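Working notes, structure below.
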Amino acid sequence: MGGDKGKRKDAPGGAGGQKQKKKKTGSGGKWTTPNQANKLALERNSVPQVGDRGIWVTCARHQENKAAREVISLFEEYIETMYAIKPASKEPKAVDDDDAELDIEAAIAKELGEMKEKKTAEVRKGEDDKALLKAMKLNIDCLLFVRTKAPIEPVEFVKRIVLDTKECADIRKIKCRYLNRLTPMSVMGKATEQGLTETGRQVLEEHFDLGGKKGETQEGGAGAAAEESKEGEKKKKKKREYEPYTYAIRPTLRNHSNLKRDVVINTIAGLINDERHKVNLTNPDKVILVDIFQTVCGMSVVDGDWDELKKYNMTELYNQAAGITSVGQKNKEKQEKKEKEHKEQKEQKQEQDEKKPESAKEAKEETEDTKEEEPASTDA
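Per this note's numbering, the very first residue in the sequence shown carries number 132; after that it's consecutive.
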């Protein structure tokens, strides 16, 4: 009994005298505070989502803010030109005549009320949804995404811009200082194999026969046979004749590791009828652009002059039009010159190697002739 008096009692939390702390766990998405809801809504509205369409924009490093303003200004100008839609930023704002008569306290109260209305994420989201353009600055350097709404069609919109840029020979008329490449995306889907397939069917059916690879047998039992029969019925209903376009697939992966480059190419190529459409990597009729960023996958089909138009790189097109040789072009020309010199040296060496046996043969014949002449002279 005496020994038990000296012992301390265990804490209620268990043995060892240490009380177990309760872990702080979230609500599992069941409820959120108004501030959290606003924050989540803003985050969702500041990154590309499945179902969006728009244009990827690369820009100079650490110049994302200036590039965002520049690209919106450029796009608004072309929206007004191509679709006769005046952007909201150029519309005259109504001026209230009563503002001049308000005293200081009333003016401050009115301004605070306007700010309070604009603070809510729902109001911002509603404004963004109505806007034709929404520039999104992402968590990666040198990259922006501009979401577009109808009637803007990203492929034809970007093509018009780059063609005008190509013809801009006057360096004083250059409109973009920070923009580089524009990549149109007709549809954005999930960055999974299934999402890639669904996005591919949606984008490619306008240009290609999606009969799949004819040379390969498909496995999968009755389910696959049923799907094939359904596809066959759809094809019969459509009865569309596709031009035998050649194509090349150009994928770009950023901040993404699930899908590999080879998987992306093989998945898209597997959708296209390989008897009707052939792969041509040097001079294709159509170029399939695939851009994967984090959890979204965008795709579009552009004309085969994509490489000729510097892959829609605004800076390169301005330099080409103005006769300015960029650093990249200089390096390319230097590499081509080096390869040409190497080829010429190789050809010269081959010619010398071919001449060596002939000269050796001639020398051998000369020595044989001299040996035949020597006995004749001694007999004489």
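Heads up, the beta-carbon is just placed ideally off N, CA and C, and yes, glycines get one too. Just so it is clear, the structure is predicted and the values come from calculations on it, not from any experiment.
Along the alpha helix (DSSP H) that carries residue 292, what are the first and last residues, could you check? Taking the sequence shown and counting its residues from 1, the one referred to as residue 292 is at position 161. Its alpha helix (DSSP H) spans residues 285-297.
Going by DSSP in three states, residue 303 sits in which element: helix, strand or coil? Numbered from its first residue, the sequence shown carries residue 303 at position 172. Three-state DSSP puts residue 303 in a helix.
Are at least three pairs of beta-carbons, each pair with one atom in the region 436-448 and one in the region 394-409, less than 8 Å apart? no
Tell me which residues share the same chain as residue 278 and place their Cβ nearer than 6 Å to its Cβ, disregarding the 5 neighbours each side in the sequence. In the sequence shown, counting from the first residue as 1, residue 278 sits at position 147. Here the set comprises 183, 185 and 265.
Use the C-beta contact count for residue 317: other C-beta atoms within 10 angstroms, 16 or more gives buried, fewer gives exposed. Numbered from its first residue, the sequence shown carries residue 317 at position 186. Counting Cβ neighbours within 10 Å, residue 317 comes out buried, since at least 16 surround it.
Can you tell me whether DSSP reads residue 349 as helix, strand or coil? What you label residue 349 is simply residue 218 of the sequence shown in a count that begins at 1. Low confidence applies here, because residue 349 scores a pLDDT of 41, under 50, leaving its location unreliable; read the following figure in that light. Correct three-state label for residue 349: coil.
Cβ-Cβ distance between residue 430 and residue 342 below 9 Å: Reading the sequence shown from its first residue, position 299 is the one you call residue 430. Reading the sequence shown from its first residue, position 211 is the one you call residue 342. Not in contact: residue 430 and residue 342 (Cβ atoms no closer than 9 Å).
For residue 420, which of helix, strand or coil comes out of DSSP? Position 289 of the sequence shown, counted from the first residue, corresponds to residue 420. Strand.
Inter-residue CB distance, residue 420 and residue 314 (contact presumed, cutoff 8 Å): Taking the sequence shown and counting its residues from 1, one reaches residue 420 at position 289. Taking the sequence shown and counting its residues from 1, one reaches residue 314 at position 183. Confirmed, Cβ separation roughly 6 Å.
Could you tell me the alpha carbon to alpha carbon distance between residue 368 and residue 388, rounded to whole angstroms? Locating residue 368 in the sequence shown gives position 237, where the first residue counts as 1. Locating residue 388 in the sequence shown gives position 257, where the first residue counts as 1. At residue 368, the pLDDT of 45 sits below 50, so the modelled position is not reliable and the matter cannot be decided from this model.
With a CB to CB cut of under 8 Å and the five nearest residues on each side skipped, what residues in its chain are close to residue 263? By one-based count along the sequence shown, residue 263 stands at place 132. So the list reads 210, 216, 218, 279, 280 and 283, once near-sequence residues are dropped.
Quick one, which of 380, 191, 344 and 179 has its alpha-carbon nearest residue 434's? Here residue 434 refers to the residue found at position 303 of the sequence shown. Minimum Cα distance to residue 434 is reached at 380.
Below 6 Å CB to CB, which residues in the same chain sit around residue 411 once its five sequence neighbours on both sides are set aside? Your numbering for residue 411 matches position 280 in the sequence shown. Taken in chain order, the residues that qualify are 377.
Straight-line gap, residue 177 to residue 203 (C-alpha atoms, nearest Å): Counting from 1 along the sequence shown, the entry for residue 177 is found at position 46. Counting from 1 along the sequence shown, the entry for residue 203 is found at position 72. Cα to Cα, the separation comes out at about 15 Å.
Please check the pair residue 390 and residue 327, which I expect to be a contact at CB under 8 Å, by giving their CB distance rounded to whole angstroms. Within the sequence shown, the letter at position 259 stands for residue 390. Within the sequence shown, the letter at position 196 stands for residue 327. Sure, about 7 Å apart at Cβ, within 8 Å.
How far does the beta strand (DSSP E) with residue 204 in it reach, from first residue to last? The residue given as residue 204 occupies position 73 in the sequence shown. First-last for residue 204: 195-214, but that is the alpha helix (DSSP H), not the beta strand (DSSP E).
Give the DSSP bridge partners of residue 435, in chain order. The residue given as residue 435 occupies position 304 in the sequence shown. In DSSP, residue 435 forms no bridge with anything.
Distance, Cα to Cα, residue 423 vs residue 402? Locating residue 423 in the sequence shown gives position 292, where the first residue counts as 1. Locating residue 402 in the sequence shown gives position 271, where the first residue counts as 1. The straight-line gap from Cα to Cα measures roughly 18 Å.
Report the three-state DSSP secondary structure of residue 178 (helix, strand or coil). The sequence position of residue 178 within the sequence shown is 47, counting from 1. Coil, per DSSP.
Under 8 Å by Cβ, that's how I've got residue 300 and residue 453 pegged, so tell me the actual separation to the nearest angstrom. If you number the sequence shown from 1, residue 300 lands on position 169. If you number the sequence shown from 1, residue 453 lands on position 322. Correct: roughly 6 Å between the Cβ atoms.
Restricting to Cα atoms, I'd like to know which of 287, 322 and 333 is closest to residue 386. Numbered from its first residue, the sequence shown carries residue 386 at position 255. Cα-wise, what sits closest to residue 386 is 322.
Would you mind giving the Cβ-Cβ distance between residue 274 and residue 189, rounded to the nearest angstrom? I have them listed as a contact below 8 Å. By 1-based counting over the sequence shown, the position of residue 274 is 143. By 1-based counting over the sequence shown, the position of residue 189 is 58. Right, their Cβ atoms sit about 6 Å apart.
Would you decide whether residue 291 is buried or exposed? Buried here means 16 or more other CB atoms lie within 10 Å of its CB. Indexing the sequence shown from 1 puts residue 291 at position 160. By the neighbour-count rule (16 or more Cβ atoms within 10 Å), residue 291 is not buried but exposed.
If you run the structure through DSSP and keep just helix, strand and coil, what is residue 313? As a first step, residue 313 is located in the sequence shown; it is residue number 182 there, counting from the start. DSSP places residue 313 in strand when its eight states are reduced to three.
Take the Cβ of residue 212 as the centre, count every other Cβ of all protein chains shown within 10 Å, and call the residue buried at 16 or more, exposed below. For the purposes of this step, residue 212 is identified with residue 81 of the sequence shown, where counting begins at 1. That one is exposed.
Pull the bridge partners of residue 445 from the DSSP assignment, please. For the purposes of this step, residue 445 is taken as the residue at position 314 of the sequence shown. Answer is none; residue 445 lacks a bridge partner.
Which of the three DSSP states is assigned to residue 452 in this structure? Taking the first residue of the sequence shown as position 1, residue 452 is located at position 321. Note: residue 452 maps to helix in three-state DSSP.
May I ask you to report which of helix, strand or coil DSSP gives residue 392? In the sequence shown, residue 392 corresponds to position 261, counting from 1. Correct three-state label for residue 392: helix.
Cβ shell of residue 395 (< 8 Å), same chain only, five flanking positions each side left out: If you number the sequence shown from 1, residue 395 lands on position 264. Correct list, in chain order: 327, 380, 382, 384, 421 and 423.
Quick check: residue 312 and residue 442, are their CB atoms within less than 9 Å of each other? Position 181 of the sequence shown, counting from 1, holds the residue named residue 312. Position 311 of the sequence shown, counting from 1, holds the residue named residue 442. Yes, they are a contact pair.
Judging by CA-CA distance, which residue of 425, 479 and 472 is the nearest neighbour of residue 180? Within the sequence shown, numbered from 1, the residue matching residue 180 stands at position 49. For the residues 425, 479 and 472, the minimum Cα distance to residue 180 belongs to 425.
Just how far apart, CA to CA, sit residue 472 and residue 413? The sequence position of residue 472 within the sequence shown is 341, counting from 1. The sequence position of residue 413 within the sequence shown is 282, counting from 1. Going from the Cα of residue 472 to the Cα of residue 413 covers about 23 Å.
For residue 280, which of helix, strand or coil comes out of DSSP? On the sequence shown, position 149 is the one that residue 280 refers to. Coil at residue 280, not helix or strand.
Suppose the cutoff is 7 Å on Cβ atoms and the five residues either side in sequence are ignored; what does the same chain contact list for residue 372 look like? Counting from one through the sequence shown, the residue named residue 372 turns up at place 241. So the list is empty, once near-sequence residues are dropped.
Assuming residue 334 is part of the beta strand (DSSP E), what are its boundary residues? Counted from its first residue, the sequence shown places residue 334 at position 203. Taken as a continuous stretch (DSSP letters only), residue 334 belongs to no beta strand (DSSP E), being part of the alpha helix (DSSP H) at 324-335.
My guess is that residue 306 and residue 243 are in contact by the Cβ rule of under 8 Å, so how many angstroms apart are they, rounded? Counted from its first residue, the sequence shown places residue 306 at position 175. Counted from its first residue, the sequence shown places residue 243 at position 112. At roughly 38 Å, the Cβ-Cβ gap does not stay under 8 Å, so residue 306 and residue 243 are not in contact.
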